[in-house]
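Just so you know, the sequences run in chain order A and B. First residue of the first sequence? That's 1265 in this note's numbering, and the numbers climb one at a time after it. First residue of the second sequence? That's 1265 in this note's numbering, and the numbers climb one at a time after it. The C-beta atom is built at its ideal place from N, Cα and C for all residues, glycine as well. Every value quoted in this text rests on a predicted model; they were computed, and no experiment measured them.
2 protein chains.
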Amino acid sequence: MTIENDVLVSENQLTAFSTQILKNIGVPSNDAEIVVKNLIEADLRGVYSHGVVRFPIYVKRILDGGTNPKARMSILRETRTTAVIDGDNGLGHLVGVQAMQLAIEKAAEGDCVFVAVKNSNHFGAAAYYTEMAARHNMIGFSFTIGAINHMTPWGGAEAMLGNNPFSVAFPTREDFPVVLDMACSIAARGKIIVAAKEGKPIPNDWATGPDGLPTTDAVEALKGFVTPLGGPKGYALTLTVGLLSTMLSGAFFGSDVGDLYEETSTAQNSGHLFGVLPVSSFDEIENYLSRMDKAMADMRNAKKATGIERIYLPGEREHLSLLKSRKEGIPLGQALFKELVALGEKHHLSLEKIG
Amino acid sequence: MTIENDVLVSENQLTAFSTQILKNIGVPSNDAEIVVKNLIEADLRGVYSHGVVRFPIYVKRILDGGTNPKARMSILRETRTTAVIDGDNGLGHLVGVQAMQLAIEKAAEGDCVFVAVKNSNHFGAAAYYTEMAARHNMIGFSFTIGAINHMTPWGGAEAMLGNNPFSVAFPTREDFPVVLDMACSIAARGKIIVAAKEGKPIPNDWATGPDGLPTTDAVEALKGFVTPLGGPKGYALTLTVGLLSTMLSGAFFGSDVGDLYEETSTAQNSGHLFGVLPVSSFDEIENYLSRMDKAMADMRNAKKATGIERIYLPGEREHLSLLKSRKEGIPLGQALFKELVALGEKHHLSLEKIG
């Protein structure tokens, strides 16, 4: 994914830089460390859409009063296998880690546990949380509601749904879990923005115009809506992920959802749902892990399509990216690098390129 | 979905007919009733791909020794929130109902419960099970492994994955739950079969040929593989659903999966996973139901795309189909009707058209 004019920065420096800025704007030191570790892992894994590219808006929301830098999560309701958390309008990365941590702790005796969250914010990459569970030999689930409505109900012409992401992770014997992390649109909205800037048409299944009908005009598409995967299937899927993320806790859904970027002084009341299934309650862990070994080998050893050299498991490319970026540095686009440098200047902090 | 030359048959007669045939080939009366109710509900709901169109193969598998007509499910392992079931190679519809029933019973005190299943068979429509949970004010999950491998790992050219279906259902105040029920391919394989018969090309994103590369030639596509929704996303999704359905119980996955239609004398060792989240453990049920009311209204009241008169919730069309077919009869294609009539003749049973 590294392109020629990307800038490389070191994980350590980017971490120290981002953590210090959060501390400067009122986030307690320990909380800032949790948030930044989560955020930068997305960049390390090559999931740049959910990494430091979002950092400036998180900072702006705190400064504008939309997000609470000193949030203290509370448990609103709890049974031995469930909990509902009020995130106190804290940074979603912090709330999410605390909620998944609670699910893992509650599952220590082998129970299936689900934790619903309200009053949270954009939590970054959904895989971060399920990987926490996988490290405890639990299958992990995470669901969240998108922080902007960009999608319509099927047949609609009004943004009532987020492009809602979810993740499932499976423990393995290897040094990474098999992990699904996906949202529900055919193409990321960012790709449509690029086409519009370049005056190029887009495939007719990427988006609909403001009338709700498919368009190849990228400018019209930006006034319209991103198209769900598989049409009505993707609508049903993003609705399902959205309902899982909000209905059990009372987080905002549908017409109540604000805009991450536009409404920066208003709490988003984002919702999430985290779940864990401890493997050892179903079978000896070694039996399960041997089955996973065989399943992974089946995928990798399948006959390759013409021109393909290697088949990857979900999460494997991201793991390889992490190993590489940890060693060589994290690639940032020039524009993002400049934006971060400018942000740093306000805090008398510098950010250096590697080499 | 009714087309001009479809035949209408009554729910009651189709039920009595199918139940008697199962009893004739050794299925205990009570079990046969459970299976047929499940099977015919798919037809009533308009999900014809999972209704009596599959009945002849279920019968053949019992006669050929591939499925056990007198199966007795057993619990291999159990905790207060988990169970692993051995389906004794019984009809999947029966095993599935018993497994979801167990999950619901175990959740009576408010726990999140997951039940994994091995030694089962094709279980029909995934929504049947999650709707059982929704009727108990629980969010229901079901996952199953497809009974034939038709999909490749992304970049592969060998069928190692089923088009694995899953369902999530949400209780509502209306007379149907909001229910997602989907598999992971762009187009059903049946559509490719139709195009091949008619000598027509197919869109280039429906399937790949035997070389694993996209094709518009329907005949080549049938020698190849169905394409997952959203490319690598759909691969990761069908892999995830398959792993959830098999890894916790030891059901067959990947290279071990046989063919529902071709290997009729061999046990399939199909796997499923069922889960329930009791709503009242998270919030007062009335609060949750009011939120669902509002969410459903948000979808329905969204501005419509040009030419669209009504927006449906997932599961709503199926519910309307059920009401209609219960009153007017179930539409069956001519070829399927003839196949069932011929099957009936072997059992001295008749099947009549309505009107």
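{"Asked": "List, in order along the chain, the chain A residues whose C-beta lies closer than 7 Å to that of B/PHE1378?", "Found": "CYS1376, LEU1541"}
{"Asked": "Between the alpha carbons of A/LEU1453 and B/ASN1276, how many angstroms are there, rounded?", "Found": "Looking at the sequence shown, residue 1453 of chain A is not Leu but Arg. Taking the straight line joining both Cα atoms gives about 50 Å."}
{"Asked": "How big is the Cα-Cα spacing for A/GLY1597 and A/PRO1417?", "Found": "34 Å"}
{"Asked": "Check whether chain B comes within 9 Å of A/SER1384, counting only Cβ atoms and requiring the distance to be less than that.", "Found": "no"}
{"Asked": "Short check: CB of A/VAL1543 to CB of A/ILE1412, under 9 Å?", "Found": "no"}
{"Asked": "Between A/LEU1444 and A/PRO1578, how many whole angstroms is the CB-CB distance? I'm expecting something under 8 Å.", "Found": "5 Å"}
{"Asked": "Using the C-alpha atoms, what's the distance from A/LEU1615 back to A/PHE1281?", "Found": "7 Å"}
{"Asked": "Where in the segment 1381 to 1442 of chain A do unbroken runs of the beta strand (DSSP E), each at least 3 residues long, occur, reported from the N-terminal end onward?", "Found": "1402 to 1408, 1413 to 1415, 1430 to 1434"}
{"Asked": "Taking buried to mean at least 16 other C-beta atoms within 10 Å of its own C-beta, is B/GLU1305 buried or exposed?", "Found": "buried"}
{"Asked": "May I have the straight-line CA-CA distance separating B/LYS1461 from A/ALA1569, to the nearest angstrom?", "Found": "26 Å"}
{"Asked": "How is the alpha helix (DSSP H) around B/ILE1594 delimited, first residue to last?", "Found": "Unbroken run through B/ILE1594 is the beta strand (DSSP E), 1594 to 1596; no alpha helix (DSSP H)."}
{"Asked": "The beta strand (DSSP E) spanning B/LEU1477 covers which residue range?", "Found": "Segment: none, B/LEU1477 is in no beta strand (DSSP E) and carries neither H nor E."}
{"Asked": "Do you know offhand how far A/MET1265's Cα is from A/SER1274's?", "Found": "Low per-residue confidence applies at A/MET1265: pLDDT is 46, beneath 50, and the placement is therefore not dependable, though the value from the model is reported in the following sentence. One C-alpha to the other measures close to 17 Å."}
{"Asked": "Determine the burial state of B/HIS1357: buried for a count of at least 16 other Cβ atoms within 10 Å of its Cβ, exposed for fewer.", "Found": "buried"}
{"Asked": "Does the CB of A/LYS1578 have a neighbour CB from chain B at under 9 Å?", "Found": "The sequence shown places Pro at residue 1578 of chain A, not Lys. So yes, A/PRO1578 belongs to the interface."}
{"Asked": "Once DSSP output is grouped into helix, strand and coil, what is the label at B/PHE1489?", "Found": "strand"}
{"Asked": "Report yes if the CB atom of B/PRO1595 is closer than 9 Å to the CB atom of B/LEU1286, and no otherwise.", "Found": "no"}
{"Asked": "Under 9 Å, do B/PHE1516 and B/GLN1532 count as touching if we go by C-beta distance?", "Found": "yes"}
{"Asked": "Could you tell me whether the Cβ atoms of B/VAL1348 and B/LEU1584 are closer together than 9 Å?", "Found": "no"}
{"Asked": "Looking at C-beta atoms only, is the number of pairs between the segment 1428 to 1447 of chain A and the segment 1494 to 1507 of chain B that lie closer than 8 Å three or more?", "Found": "yes"}
{"Asked": "When the Cα atoms are used, what is the spatial distance from A/ALA1559 to B/LEU1425?", "Found": "10 Å"}
{"Asked": "Starting from the Cα of B/THR1279, find the closest Cα among B/THR1530, B/ILE1298, B/TYR1312 and give me that residue.", "Found": "B/ILE1298"}
{"Asked": "Mind checking if B/TYR1499 is an interface residue toward chain A, Cβ cutoff 9 Å exclusive?", "Found": "yes"}
{"Asked": "Going by DSSP, name the residue or residues bridged to A/THR1472.", "Found": "A/PRO1478, A/PHE1489"}
{"Asked": "For B/ALA1347, which of helix, strand or coil comes out of DSSP?", "Found": "strand"}
{"Asked": "Counting beta carbon pairs with one atom in the segment 1351 to 1370 of chain A and one in the segment 1378 to 1390 of chain A, are three or more of them shorter than 8 Å?", "Found": "yes"}
{"Asked": "Does the distance from the CB of A/SER1589 to the CB of A/ASN1385 come in under 9 Å?", "Found": "no"}
{"Asked": "Tell me the rounded alpha-carbon separation between B/GLY1546 and A/LEU1355.", "Found": "It is worth fixing the name first, because residue 1546 of chain B is Phe in this sequence and not Gly. Their Cα atoms are separated by approximately 23 Å."}
{"Asked": "Chain B beta carbons: is any one of them nearer than 9 Å to that of A/PHE1387?", "Found": "no"}
{"Asked": "By the three-class DSSP mapping on this structure, what secondary structure does A/PRO1496 have?", "Found": "helix"}
{"Asked": "For B/ALA1485, which of B/LEU1493, B/ILE1289, B/GLY1290, B/PRO1465 has the nearest alpha-carbon?", "Found": "B/PRO1465"}
{"Asked": "Between which two residues does the alpha helix (DSSP H) containing A/PRO1292 stretch?", "Found": "Segment: none, A/PRO1292 is in no alpha helix (DSSP H) and carries neither H nor E."}
{"Asked": "If distances are taken between C-alpha atoms only, which option among B/GLU1422, B/PHE1440, B/GLU1526, B/VAL1323 comes closest to B/LEU1477?", "Found": "B/GLU1422"}
{"Asked": "From what residue to what residue does the beta strand (DSSP E) around B/VAL1458 run?", "Found": "No beta strand (DSSP E) contains B/VAL1458, which is instead part of the alpha helix (DSSP H) from 1453 to 1461."}
{"Asked": "Which residues of the segment 1386 to 1407 of chain A have a Cβ closer than 8 Å to any Cβ of chain B? Give them in chain order.", "Found": "ILE1403"}
{"Asked": "Would you say A/LYS1610 reaches chain B, if we count a Cβ-Cβ gap shorter than 9 Å as a contact?", "Found": "no"}
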